[in-house]
Every structure is written in C-alpha cells, then in structure tokens.
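**Student:** Residue numbers (full-length UniProt numbering): 1 to 36. For every residue, glycine included, the Cβ atom is placed at its ideal position computed from N, Cα and C.
Listed below in structure tokens is the structure:
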C-alpha cells in the first residue's frame with residue numbers, strides 16, 4: 001500500500017465543511033479545492 005494521504009470529502013452540494021450546502025459560496029469553495 002502506498003503512503004497514506006489526507007482525505008478531503010467534498011460532496012455534490014459543495015463544500016459543507018466551510019459553507020452551507022447548496023449555496024454559491026459552497027460550490028465555489030468546492031471548485032477552488034479541486035472538485036470536478
């Protein structure tokens with residue numbers, strides 16, 4: 001097994017750890033963090 005990496009969960013509703021779900025701020029944050 002490879003070296004463990006940090007896991008960041010970003011859901012289809014944006015970035016719920018930093019912003020409220022389903023908001024523009026949440027979606028922008030998810031995109032800024034590498035969501036595709």
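Whole-angstrom Cβ separation of residue 33 and residue 8, contact assumed at under 8 Å?
**Tutor:** Confirmed, about 7 Å.
**Student:** Straight-line CA distance for residue 30 to residue 24?
**Tutor:** Each residue's Cα considered, the two are about 10 Å apart.
**Student:** Go through its chain and collect everything with a Cβ distance to residue 26's Cβ below 8 Å, but skip five positions before and after it.
**Tutor:** Cβ neighbours of residue 26 beyond the five flanking positions: 13, 14, 15, 16, 18, 19 and 20.
**Student:** Let's see if you can read the secondary structure: which residues bound the alpha helix (DSSP H) around residue 32?
**Tutor:** Note, residue 32: alpha helix (DSSP H), 24 to 32.
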